[in-house]
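Letter by letter, the sequence shown follows residues 7 to 103 in our numbering.
Note that CB positions come from ideal geometry on N, CA and C, so glycine has one too.
Remarks on the structure that follows.
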Amino acid sequence: MVILIKRTLQEFAAKHSDITEPLNNWYVIAKKAQWKNFTEIKEAFNSVDTVGNDRFVFNIKGNKYRLVVLIHFDIRTIYIRFIGTHAEYDKINCKTI
Numbered sequence: 007m008v009i010l011i012k013r014t015l016q017e018f019a020a021k022h023s024d025i026t027e028p029l030n031n032w033y034v035i036a037k038k039a040q041w042k043n044f045t046e047i048k049e050a051f052n053s054v055d056t057v058g059n060d061r062f063v064f065n066i067k068g069n070k071y072r073l074v075v076l077i078h079f080d081i082r083t084i085y086i087r088f089i090g091t092h093a094e095y096d097k098i099n100c101k102t103i
C-alpha cells in the first residue's frame, strides 16, 4: 500500500516517544500489505475497526493511541487522517476527517 503522509506519523512520534516502535510496526505491515477489503485488514490487525466512509481506526500501543486512516483499496492508497491519544480521538468525528 502507498501511505500518505508518513511525516504526520513521524511528527507525532517525536512528541510521544512511547509510540515510535508500535507506529513503525504498523507502518511496515501496512506498507507491505495488499489489502483489498476490511477482512484482510482485520487479519493483520485484530483491533482495527471500520467507522464508515472508507475510514478505519487502529488501536496503537494497547489502545493508548488511535490512528484514523482513509483507505482507497482500488488504488492501494492509505491516507493518514488523524493520530492522537484516545482522549483526543473521543473529541473528533472520524467519519468526516
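N- and C-terminal bounds of the alpha helix (DSSP H) containing residue i
i	result
Thr-83	Segment 83–91 is the beta strand (DSSP E) holding Thr-83; no alpha helix (DSSP H) there.
Phe-18	12–21
Contact check, residue i vs residue j, beta carbons under 8 Å
i	j	result
Ile-11	Lys-37	no
Val-1	Phe-64	Within the shown structure, residues of the chain are numbered from 7 to 103, placing residue 1 beyond reach of any answer.
Ile-103	Val-74	yes
Supposed contact pair residue j and residue i - C-beta distance, whole angstroms, cut 8 Å
i	j	result
Arg-61	His-92	17 Å between Cβ atoms; not a contact.
Delimiting residues of the beta strand (DSSP E) encompassing residue i
i	result
Asn-99	Careful: Asn-99 lies outside any beta strand (DSSP E) and carries neither H nor E.
Proximity winner among the options, relative to residue i (alpha-carbon distances)
i	options	result
Glu-17	Ile-89, Lys-101 and Thr-45	Ile-89
Asp-96	Leu-15, Leu-76, Arg-82 and Asn-69	Asn-69
Ile-77	Glu-94, Asn-43 and Asn-31	Asn-43
Same chain only: Cβ atoms within 7 Å of residue i, ignoring 5 sequence neighbours per side
i	result
Pro-28	Ile-66 and Lys-67
Ala-19	Ile-25, Thr-26 and Leu-29
Contacting residues, own chain, Cβ-Cβ under 8 Å from residue i (five flanking each side not counted)
i	result
Thr-45	none
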